[in-house]
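Q: Protein chains in written order, with the numbering used here: chain A, 2 to 364; chain B, 2 to 364; chain C, 2 to 364; chain D, 2 to 364.
What follows is a structure written as structure tokens; I'll ask about it next.
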């Protein structure tokens, strides 16, 4: 089982509740000899941090990860890397008044059905806070990939009805435009429209859905495994394990439904004496294995469940009640924004794992 | 690794190439005491069989599964159930002329990149033939679920631009309408439009994409696991491991992007003294765990890669060539149709596994 | 769980009951490009076959394995290798009279307690017949190891009180002496004494215990994994999963209890500019990882449970009865003998797996 | 792979080096609703602590475990339990002078061969310090087992040539006698002889081997899994993953080699209308599944590798050198003693895991 573990060879195990002492992740299977500092982790965490822009939750977490094991004299040793991120400023007292209310769109009902007990403070284990651990582990996977010339980026492709128009040829430009946007959207015009909509929606006590796109550049052909460990299956698993994610697609995804085979098939060609495809409708994967073209996919996020608007609900015992989140509750008006670095991290974890596994397939 | 294995406790391992002697599946972890006959398997296989209607591939496989182990005096014994399905009528000679050509949209390029060797006959291991094993194993999972009052159905929701309108309240009616359609589409009007389009497209040597929807009824609340074994993550993994699948969504999926939190949140209510939700936008899952409402999802399938139209391509060595599939090649004009029983099987495997695992969570 | 699967990357799944249609094994994770024929498998099976000598069970199985997948044009393709071994001459009628009796030393009681149902014919799944599948898979692992210059041999070290004196320097001589002995014991004098004892014991309707020793030559230093996947832990797991095995030791094993640290510690030295140890008390492993010295271990097998002597027992319902195996029952007087090729197979599987995994540990 | 993870459903992942900031363990799969405090863990750790008696290492670690997650209002919640144990008094400066020397019987050579890098301080990851994490996790498994009426005890059975004579009928008496002995040996006479020998050996700068025996009482019949997850295979795996363990046996183990089938077979009988066996030579397991009789096994530990005596060795580069551990080095003269609570913990982990898995086997 191990429902808190992800990966085959490059394996992560996360633990911790939103309002406990800390959260953490153990990375088992990172090769020895990789240079790694706490700064590598903290830079990645900073991107995910709330309060980074007015369009995410105003909580100031200032996450500072500590590496507790697996690194010696600045390099990984091949033993498990334990990273711990203390939970600061966790004031759970304000959740007291609503602790016996079922929260629409939340997991407290289902956790109670499953376990009969629930650490309700800040959403406990079901909180998106767990994704900080994924980002920490993902930062290591990214270093490993970068060492192999592979680079991955994610960004906001859509918020509510507003879709960004994005030029994806140049990864450096793409990364810089993404990080310059307060909402990780490399299209400046779309950023303006999106931020305006977010502000309006937030002022109404409501929330918005969004879509995150990711691209992995320079993944060599032949990575990934057939049948049940297909690269797209593992990516789908990774992305659909994120809080609030409701859909995943690779390449043209749902858009391929309306196409004909002759349009959708990517024709093979040679470029610089290397075989590649003229188009990349498949999203860089055929039969679960990378083609050498960029791997691209998208993740749909529902609008944040926690809204300031009053909602009709029930108590745990089934009595009708009204739910009003306490004044000053800190929630993202659009979870998709903060999911951007997490999607990047999950894609990195999946591809790093596949890359390591690939060393075993040929004589 | 084990890229040919799926599941945690109810675990399947499949093997076999399209034009080898046989394909097969080993099911490990099926509880003892379940009544099981070869007929149970063969009925399920018959639904997946090509030649079932003019709208699928005309190959006549007439799959006859044999149970080789794990069943004694009509009941499962708790030991592995080995099912073998012989490959009949496999004439691989006609693939000879094209064996050195890269096939657009196919996996022969990526398998060669990965393994340096490829059993090209009929697509070898990358052929959709492997899914017969999933259907065989799924038939057992379905019996197990049915024993627990859980029923799962899949059907065609869309082909190319034509979307079916489907009444999902009554599972018996839904199943019967689905099975009466030659293309597993319970909407008779849509069926007519779809079959007309399929015939036209086929005559042009082309192919179509499609969408399959599934619903699992009466899954009790509390099934599934948080974080990395979320029910929707495992379903996504299952579906995205299918040949030609390009997207997965749960509940409203990509449709939830354009919604606001106050619209999307399913409000809790009581019905017959049981807590449920008024709407089911979430698709029956919150935080990775079932809510007790129907679990619904959708899978996008690209248009079949094998088309009769001539295509520009390369040889394995990178020389330009033209690919013309041999006369009499048997290919589905729309893979989504034959994927219907496979999607049903995969959903059954995921939910049966989660159900068994759930026995371990409480004291 | 997957109690019928063994290994991490080089993974086997076995299935089948003693008196079913067949038994089989699926090998997942064998690298592509390895030359493999059915003959490779059948030669290994011939060594395990009963009837090979008068000192093993006189059943004539004449196992003929068939490869059903994973091999193309004489080489492995990286896809699962399915091997099926039909069960011939399986006459289960003679087990009818004793099917409701608990058999001392057998698993029918425990299977019934666990599953509530038991395929009693020939011991069903609990029969040592399953080990033929291990030998078949082991034959492939041995080819892979041999390709890497690693060679493994097992032989009888002890039967009852008779211990063999064995010269282990030269693997070719050791293998030849082992295969010349009708009981896999390279010491000819011990062979004589052992065979005499076996004949006497058999004539009394009784059985004997024994010990099998194995040595893996030329395993490079650095193979194996620390903590929970230690090479000796995986070897112990492998050997203690064999029917009738009751003990495992590595290096000096239980003999090291009576030693002092200064005696037991193997001192480092150089030979041909390579670091090795002067002695090899550790059995070629330190901290779970190979030292480069031969890996040596031993497995204890209890005397065969099935004896012709009458035994007091109970029926399944708990009524007192007497158990007399039917005339002509075919049982090994000493299971350790037939376990020799199985121990060799299991050691090969463990070391092949560790070798493949080792490719992932360094940058 | 995950070489730092153990277990199937009740799963532990450990991390940390001997002289890092801390060591820790994440327990994933503990059922919800179990009462648990830090005191439960610390009591178990106190038994393992060095300095507990003059016969173990005089280091004063005073381990204080902290629970960081998975427990809410005094009960487990079903989410991962993270336990962290700070490393106190870790002075690694004295290892500086010997950091480039290969240490006979130690893992620094093999870790360097495998990873190319090694955190040598205090043995790093290869240190027995890691076993404190096993004891912490084992304390939870023991609570779970105790809740199910199952009790497990381990004790010293032998040190060097001195064997204890132990009455195992009454677990309460056995436990109390064990804990009264400074070396966990319930036989007071043997304790005297053993402690005298330990003192003498220690004064000579040498070390001793030993044997630990364990018994699990009241494990119901039907627990454990056939073939590759046999209870004895998992126990063997667990015990052989311990530092310095060289052998494992179940029931009569190596002693069964010299027996005949008619002696070794445990005959079935009824007691209080329940089926059990007259003798328990099998050690409570048949075919990998528990019989309902006490499960008993033994583990052989080599003499401690770290001795104060000067030893001939090599530098990492292969130059001859002499190794003299620094004055005041703290090492156990007999590792078997401190292994007693660790063996108890590992047996508890294996049986708890099997117990949980057993809920999945029957309809």
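Backbone N, C-alpha and C fix where the C-beta goes; we use that ideal spot for every residue, glycine too.
Between the Cα of residue 338(A) and the Cα atoms of 161(A), 110(A) and 147(A), which residue gives the shortest distance?
A: Closest option to residue 338(A), Cα to Cα, is 161(A).
Q: Distance check for residue 112(B) and residue 18(B), CA to CA, integer angstroms please.
A: Going from the Cα of residue 18(B) to the Cα of residue 112(B) covers about 13 Å.
Q: Quick check on the burial criterion: 16 or more other C-beta atoms within 10 angstroms. Buried or exposed for residue 64(D)?
A: Buried: at least 16 other Cβ atoms inside 10 Å.
Q: Report yes if the C-beta distance between residue 13(B) and residue 138(B) is below 7 Å; otherwise report no.
A: It is a contact, given that the beta carbons lie within the stated cut-off.
Q: Helix or strand or just coil, what does DSSP make of residue 240(C)?
A: In the structure shown, residue 240(C) sits in a helix (DSSP, three-state: H, G or I).
Q: Please return the same chain residues whose Cβ sits closer than 7 Å to the Cβ of residue 41(B), not counting the five positions on each side in sequence.
A: These residues qualify, in order along the chain: 140 and 144.
Q: Give a yes or no on whether the minimum CB-CB distance between residue 380(C) and chain A is below 7 Å.
A: Because residue 380(C) is not part of the residues shown, which for chain C are 2 to 364, the question remains open.
Q: Measure from the alpha carbon of residue 21(D) to the alpha carbon of each residue in 54(A), 48(A), 73(A) and 238(A), then state which is nearest.
A: Looking at the Cα atoms, 73(A) is the closest of the given residues.
Q: On a Cα-Cα basis, can you pick out the residue from 30(C), 305(C), 36(C) and 34(C) that is closest to residue 199(C)?
A: Checking every option, the nearest Cα to that of residue 199(C) belongs to 305(C).
Q: Could you list the residues in the stretch 329-348 of chain C with a C-beta less than 7 Å from some C-beta on chain G, going in chain order?
A: Of the protein chains in the structure, A, B, C and D, none is chain G.
Q: Quick check: is the beta carbon of residue 292(C) nearer than 7 Å to any beta carbon in chain D?
A: Closer than 7 Å to some Cβ of chain D, the Cβ of residue 292(C) qualifies, so yes.
Q: Whole-angstrom Cβ separation of residue 16(D) and residue 5(D), contact assumed at under 8 Å?
A: Right, their Cβ atoms sit about 6 Å apart.
Q: Could one say the Cβ of residue 161(D) lies closer than 7 Å to chain C's Cβ atoms, at least one of them?
A: So yes, residue 161(D) belongs to the interface.
Q: Leaving out the 5 sequence neighbours to the left and right, which residues in its chain are closer than 8 Å to residue 268(C) when beta-carbon positions are compared?
A: Only 278, 279 and 280 meet the Cβ criterion.
Q: Taking C-beta to C-beta, are residue 27(D) and residue 94(D) nearer than 7 Å?
A: In this structure, residue 94(D) does not lie closer than 7 Å to residue 27(D) by Cβ.
Q: For residue 112(B), write down the residues that DSSP places opposite it in a beta bridge.
A: Paired residues: none, contrary to the question.
Q: Can you find a CB in chain D that lies within less than 7 Å of the CB of residue 33(B)?
A: Chain D, which has a Cβ nearer than 7 Å to the Cβ of residue 33(B), makes this yes.
Q: Run through chain B and tell me which residues come within less than 7 Å of residue 116(C), C-beta to C-beta.
A: Residues of chain B passing the Cβ test: 33, 78 and 79.
Q: Am I right that residue 293(B) and residue 234(B) are in contact with their C-beta atoms under 8 Å? What's the rounded C-beta distance?
A: The Cβ separation is near 19 Å, so there is no contact.
Q: Compute the distance between the beta-carbons of residue 253(A) and residue 286(A), then report whether it is under 7 Å.
A: In this structure, residue 286(A) does not lie closer than 7 Å to residue 253(A) by Cβ.
Q: When you compare the CB positions of residue 362(C) and residue 32(A), do they come within less than 7 Å of one another, or not?
A: A contact, by the Cβ cut-off of 7 Å.
Q: So that I know if they touch, is there some Cβ in chain C lying closer than 7 Å to that of residue 314(D)?
A: It does; some Cβ of chain C falls within 7 Å.
Q: In chain order, what residues of the same chain have a beta carbon less than 8 Å from the beta carbon of residue 107(C), not counting five sequence neighbours either side?
A: Excluding residues within five positions, the ones whose Cβ falls inside 8 Å are 124, 127, 306 and 307.
Q: Between which two residues does the alpha helix (DSSP H) holding residue 46(C) run?
A: Counting along the chain, the alpha helix (DSSP H) containing residue 46(C) begins and ends at 39-49.
Q: At least one CB of chain C closer than 7 Å to the CB of residue 257(D): is that the case?
A: By this cut-off, residue 257(D) is an interface position.
Q: Express the C-alpha separation of residue 117(D) and residue 273(C) in angstroms, rounding to a whole number.
A: Taking the straight line from one Cα to the other gives about 21 Å.
Q: Counting only Cβ pairs nearer than 7 Å, list the residues of chain A close to residue 27(D).
A: Going along chain A in sequence order, the residues near residue 27(D) (Cβ under 7 Å) are 14, 16 and 27.
Q: Put residue 14(C) into one of helix, strand or coil per three-state DSSP.
A: In this structure, residue 14(C) counts as strand in the three-state DSSP scheme.
Q: From residue 158(A) to residue 167(A), what does the alpha carbon distance come to, in whole angstroms?
A: Approximately 8 Å between the Cα atoms of the pair.
Q: Quick one: what does DSSP say residue 231(A) is sitting in, helix, strand or coil?
A: Residue 231(A): coil per DSSP, three-state reduction.
Q: If I'm right that residue 336(C) touches residue 239(C) with Cβ under 8 Å, what's the distance once you round it to whole angstroms?
A: Residue 336(C) to residue 239(C), Cβ: 17 Å. No contact.
Q: Anyone know if the C-beta pair for residue 334(C) and residue 201(C) falls short of 7 Å?
A: In this structure, residue 201(C) does not lie closer than 7 Å to residue 334(C) by Cβ.
Q: Measuring only between beta-carbons, confirm whether residue 10(C) sits less than 7 Å from chain A.
A: Judged by the 7 Å Cβ criterion, residue 10(C) is in contact with chain A.
Q: With a threshold of 8 Å, are at least 3 pairs of Cβ atoms found where one atom belongs to the stretch 338-347 of chain A and the other to the stretch 206-213 of chain A?
A: The stretch 338-347 of chain A is in contact with the stretch 206-213 of chain A.
Q: Tell me, please, whether the CB atom of residue 182(C) is closer than 7 Å to any CB atom in chain B?
A: By this cut-off, residue 182(C) is not an interface position.
Q: Could you check how far apart the C-beta atoms of residue 153(B) and residue 88(B) are, in whole angstroms? I think they sit under 8 Å.
A: Residue 153(B) to residue 88(B), Cβ: 28 Å. No contact.
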